[in-house]
Structures are given as C-alpha cells and as structure tokens.
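In the numbering used here, the protein residues as written are 55 to 209. Cβ coordinates follow ideal geometry from the N, Cα and C atoms, glycine included. Every value quoted in this text rests on a predicted model; they were computed, and no experiment measured them. So the structure is just underneath, and the comments pick up after that.
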C-alpha cells in the first residue's frame, strides 16, 4: 500500500459519514463497492443466491474477490459465473493473488481445450471444490445432463 492509499483509508475511517473501509484484494473499495460487498455478504450469511448487475468498470470483478473470501470464511462453497473465458481468467488471476484463496481447491467449468497452467492442481467440471468458476455457456451446455443437474442440486 502506498502512502496516498494509506492516507485515503485513514481519512475514510475517520469520516463518520463515510462507508466502512473494506479492502478488495489490494485495492481500497469505493463506498458504493463496499455497499455491494456488504449486501452480498448479508445474502451469503442468509444462504441466498444472487447476481450482481452493474455497468462496465464499476468493480464487479473486484467484488468477486470479497465474495469468495466471505464464502470461504463461512465454510460455504461458491459458484461464480462469467460471461466469457477471458473474464474468468482475469478473476482467477486476481483470486490467486490472495494466499488464503490460492490454497483452496478450484474447479473450472470451461471447454476442455482451455489451458490453465497458472493453477497446478486445477480441477475441471466438478462440484468437489469450494471455489467453482464457470462460464455461463459451460453451464448452459450441460443443462440437459441429468448427472450435472443432480450434482448442481446437491451443491
């Protein structure tokens, strides 16, 4: 953390009108990002599923990090759906920056010809991992598979 970021965090913490300070990976959350993270955390504690829809550049990918951390801290597995493999790779790289997340088993639901050399023990197309990253298309392709439906239902 650089001095400017530390000063901003201190200022926000001292301001009684500011939202609580939350770090998202190595970045300081903006107040609206913190509100999104807080809402997601409440949904997780209540065992509700959901989706975050927001404009490009608003920090959805940053919130993936906090959501995964929150699920792990509560002992809940998580599925994170992505519109593309590129975004999945971006989020995976960000998640692997966190030692507590990098130690976890991660499963991906993507095309078999997609290489992921950055994760040595990466699992593919299994629900036997606490963190599951998938593309929307990979789930859609499997929707008619009874075994997939059964595993998803018990997840």
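Is residue i near residue j, with beta carbons less than 7 Å apart?
i, j, result
"residue 160", "residue 185", "yes"
"residue 181", "residue 209", "yes"
"residue 135", "residue 188", "yes"
"residue 101", "residue 91", "no"
Do you know how far the Cα of residue j is from the Cα of residue i?
i, j, result
"residue 81", "residue 103", "25 Å"
"residue 170", "residue 88", "31 Å"
"residue 203", "residue 190", "15 Å"
"residue 111", "residue 117", "12 Å"
"residue 129", "residue 167", "31 Å"
"residue 94", "residue 108", "14 Å"
"residue 123", "residue 83", "15 Å"
Going by DSSP, what residue range makes up the beta strand (DSSP E) through residue i?
i, result
"residue 162", "160-163"
"residue 189", "185-189"
"residue 135", "132-136"
Go to residue i, then tell me how far its alpha helix (DSSP H) extends in each direction, as first and last residue.
i, result
"residue 120", "114-128"
"residue 139", "139-150"
"residue 200", "200-208"
"residue 153", "153-156"
Below 8 Å CB to CB, which residues in the same chain sit around residue i once its five sequence neighbours on both sides are set aside?
i, result
"residue 3", "Beyond the ends of the chain as shown, which are 55 and 209, falls residue 3; an answer cannot be given."
"residue 150", "156, 172 and 173"
When burial is assigned at 16 or more other CB atoms within 10 Å of the CB, is residue i buried or exposed?
i, result
"residue 99", "exposed"
"residue 183", "buried"
"residue 192", "buried"
By Cβ distance below 7 Å, which residues in the same chain neighbour residue i in space, the five residues on each side in sequence not counted?
i, result
"residue 205", "181"
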